[in-house]
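Trainee:
In my numbering, the protein residues as written are 148 to 475.
(1) To the nearest angstrom, report how far apart residue 295 and residue 404 are at their CA atoms.
(2) List, from N- to C-terminal side, the alpha helix (DSSP H) runs of 4 residues or more that fit wholly inside the segment 408-456.
(3) Thinking C-alpha only, which one of 322, 199, 193 and 367 is nearest residue 237?
(4) Would you call residue 225 buried or exposed, if buried means 16 or more other Cβ atoms sit within 10 Å of its Cβ?
(5) Can you confirm whether the segment 178-198 touches the segment 385-394 when touching is taken to mean that 3 or more C-beta pairs between the two stretches lie within less than 8 angstroms?
(6) Alpha carbon to alpha carbon, how far is residue 203 from residue 246? Give it in angstroms, no decimals.
(7) I need the DSSP call for residue 219, collapsed to helix, strand or coil.
(8) With a threshold of 7 angstroms on Cβ separation, who are the neighbours of residue 317 within its own chain once the five nearest residues in sequence on each side are excluded?
(9) Evaluate residue 148 with the Cβ neighbour count: other Cβ atoms within 10 Å of its Cβ, from every protein chain shown; 16 or more gives buried, anything less gives exposed.
(10) Less than 6 angstroms between C-beta atoms, sequence neighbours within five positions excluded: which residues of the same chain meet that for residue 241?
(11) Using three-state DSSP, classify residue 255 as helix, strand or coil.
(12) Excluding sequence positions up to five away, which residues of its chain have a Cβ less than 8 angstroms from the Cβ of residue 232?
(13) Using a 10 Å radius around the Cβ and a threshold of 16 neighbouring Cβ atoms, would you call residue 395 buried or exposed?
(14) By Cβ distance below 6 angstroms, which residues in the same chain neighbour residue 434 in space, the five residues on each side in sequence not counted?
(15) Are the beta-carbon atoms of residue 289 and residue 338 separated by less than 7 angstroms?
(16) Helix, strand or coil for residue 168 per DSSP?
(17) Roughly how many angstroms lie between the CA atoms of residue 283 and residue 293, to the nearest whole one?
(18) Assuming residue 217 contacts residue 260 under a Cβ cut-off of 8 angstroms, what Cβ separation, rounded to an integer in Å, is found between them?
(19) For residue 368, report the span of its alpha helix (DSSP H) as first-last.
(20) To the nearest angstrom, how far is the alpha carbon of residue 175 from that of residue 243?
(21) Terminal residues of the continuous beta strand (DSSP E) containing residue 390?
(22) Please name the residue, chosen from 352, 191, 475 and 469, that lies closest to residue 401 on a Cα-to-Cα basis.
(23) Considering Cα atoms alone, identify which of 267, 437, 410 and 254 is closest to residue 298.
(24) Could you name the residues of the same chain whose beta carbon sits closer than 7 angstroms to that of residue 221, not counting the 5 residues immediately before and after it, in chain order?
(25) Going by other Cβ atoms of all chains shown within 10 Å of its Cβ, with 16 needed for buried, is residue 304 buried or exposed?
(26) Kindly indicate which three-state DSSP category residue 210 falls into: helix, strand or coil?
Written as structure tokens, this is what we have:
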């Protein structure tokens, strides 16, 4: 059985190596779509490939939101190029945790069709792990450093079957659903004993950068995407940072203990990736600056290319630039 992982990644240099090494213990190959990382992520992926890990990396420096298209491309690559029986959709801050499966992931998927008739996907819950002031920041392996979690969420992601024939298959935004001929399939198995340990928030400024880039991509995609509700959770903190940055960046709560709660459970996940070779202790604040300036640069470059390639767009921008509005 061939399990192939599919991952979209953007600026995850502090966690990408641990993620790749851990995921390699479950999959035959790992396909990435880099969306224009500027923090050293691609350089680490290149070193991992040179070391001999089975990874393929594509890049599309999209400055706007186009997730369904990217996800579906990765699915097609996994099935057509790597003959995947199953395609595991997992972000670079999500670590598969199969402790509750008696025989592990591969045996579970291998036995699945004895009980279900050709399911289109398996849905597995995300479990959010939260950094606390008790974390040892000398530990560079994030899942070893951050060991407190919330209860499992009702937010599921898919492991998609690679055996769907004669149908148009697409992977929905967020990798939360499989679409067959444009409709969300209900031929899915929900497996609550297989988790995705989610380490999305690792540092206050890293969170702020995620808010800023996340909603900027939606704005850059235009009104249809804005009105669709995609990535809506980024909107409110984005405008807080834009209009009242002190509300977050001068907040003792946000900068030190945002995620601490008496409900957190100490439950270290079973990290299987071993030691790291290419991840360095870095100035995290400067890494965030590098990431944000890189995104601004890519946005400006793509805007310039649009004007160079589309005379209509240039005329429209020139028209906007010539419009004067009295505001006071």
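We put the CB at the ideal spot given by N, CA and C, even for glycine.
Note that the structure is a prediction, hence the values are computed from the model and not measured.
Mentor: Short version:
(1) 13 angstroms
(2) 431-456
(3) 322
(4) buried
(5) no
(6) 28 angstroms
(7) helix
(8) 215, 219 and 326
(9) exposed
(10) 343 and 345
(11) helix
(12) 148, 149, 150, 256, 308, 309 and 310
(13) buried
(14) 186
(15) no
(16) helix
(17) 8 angstroms
(18) Actually they do not touch by this definition, with Cβ atoms about 29 angstroms apart.
(19) 351-368
(20) 15 angstroms
(21) First-last for residue 390: 382-390, but that is the alpha helix (DSSP H), not the beta strand (DSSP E).
(22) 352
(23) 410
(24) 153, 178 and 180
(25) buried
(26) coil
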